[in-house]
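Visitor: First the structure, which I've put down as structure tokens, then a few questions once you've had a look.
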Amino acid sequence: MFSSLSPITHGVTLYLDGHPVAASSGESVAACLLRAGLAHNRLTPVSGAPRLPYCMIGNCFDCLVEIDGIGNQQACLTVVREGMRVRCQNGAATALEKSVP
């Protein structure tokens, strides 16, 4: 569905639900998720509706994911890092279990 306008340069590897994904240094996690072709990056806590990044500027919160074990992180505002571990969120319970000690 989405692709880069130019080839990935100065690449880093992050892990999306355990699978390695190539990303360009400096790009957002949300851009990487969209390019990877995910069906969704989270399920809403109330209805379980699937969501993908939407506004890409931090206003809508549809891009929430778990990053390196911390839930409810905005993928559109987070820059990729080498070895980063990103997981899709499935409702509120998973996110809260990972976020609250």
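If you number the sequence shown the way the UniProt record's numbering does, the last residue is 101 and the count never jumps.
All C-beta atoms, glycine included, are put in the ideal place defined by N, C-alpha and C.
For clarity, every value in this text was computed on a predicted model and none was experimentally measured.
1. Which residue's Cα is closest to the Cα of V79: P50, S24, A39, C55?
2. Could you name the residues of the same chain whose beta carbon sits closer than 8 Å to that of E89, not counting the 5 residues immediately before and after it, in chain order?
3. Rounded to a whole number of angstroms, what is the C-alpha to C-alpha distance between I57 and V21?
4. On a Cα-Cα basis, can you pick out the residue from L34, A39, T13, V12 that is closest to C76?
5. Determine the burial state of S47: buried for a count of at least 16 other Cβ atoms within 10 Å of its Cβ, exposed for fewer.
6. According to DSSP, is R81 helix, strand or coil?
7. Measure the C-alpha to C-alpha separation of L52 and L14 and round it to an integer number of angstroms.
8. Taking DSSP as the reference, what is the three-state secondary structure of A31?
9. Looking at the structure shown, is A22 part of a helix, part of a strand, or coil, going by DSSP?
Guide: On the basis of the coordinates in this document:
1. Taking the first residue of the sequence shown as position 1, residue 79 is located at position 79. It is S24 whose Cα lies nearest to the Cα of V79.
2. On the sequence shown, position 89 is the one that residue 89 refers to. A small fix is needed here, since residue 89 is Gln in this sequence, not Glu. Result list for Q89: N41, R42, L43, L64, V65, E66, G71, N72, A95, in chain order.
3. The sequence position of residue 57 within the sequence shown is 57, counting from 1. The sequence position of residue 21 within the sequence shown is 21, counting from 1. Using only the alpha carbons, I get a separation of about 22 Å.
4. Taking the first residue of the sequence shown as position 1, residue 76 is located at position 76. Out of L34, A39, T13, V12, L34 has the C-alpha closest to the C-alpha of C76.
5. Within the sequence shown, numbered from 1, the residue matching residue 47 stands at position 47. Its Cβ having fewer than 16 others within 10 Å, S47 is exposed.
6. As a working note, residue 81 is residue 81 in the sequence shown. If DSSP states are grouped into helix, strand and coil, R81 belongs with coil.
7. As a position in the sequence shown, residue 52 is number 52, starting the count at 1. As a position in the sequence shown, residue 14 is number 14, starting the count at 1. Those two C-alpha atoms are separated by around 18 Å.
8. Walking along the sequence shown from the start, residue 31 turns up at place 31. Correct three-state label for A31: helix.
9. Stepping through the sequence shown from its first residue, residue 22 is reached at position 22. The answer is strand: DSSP assigns A22 an E or B state.
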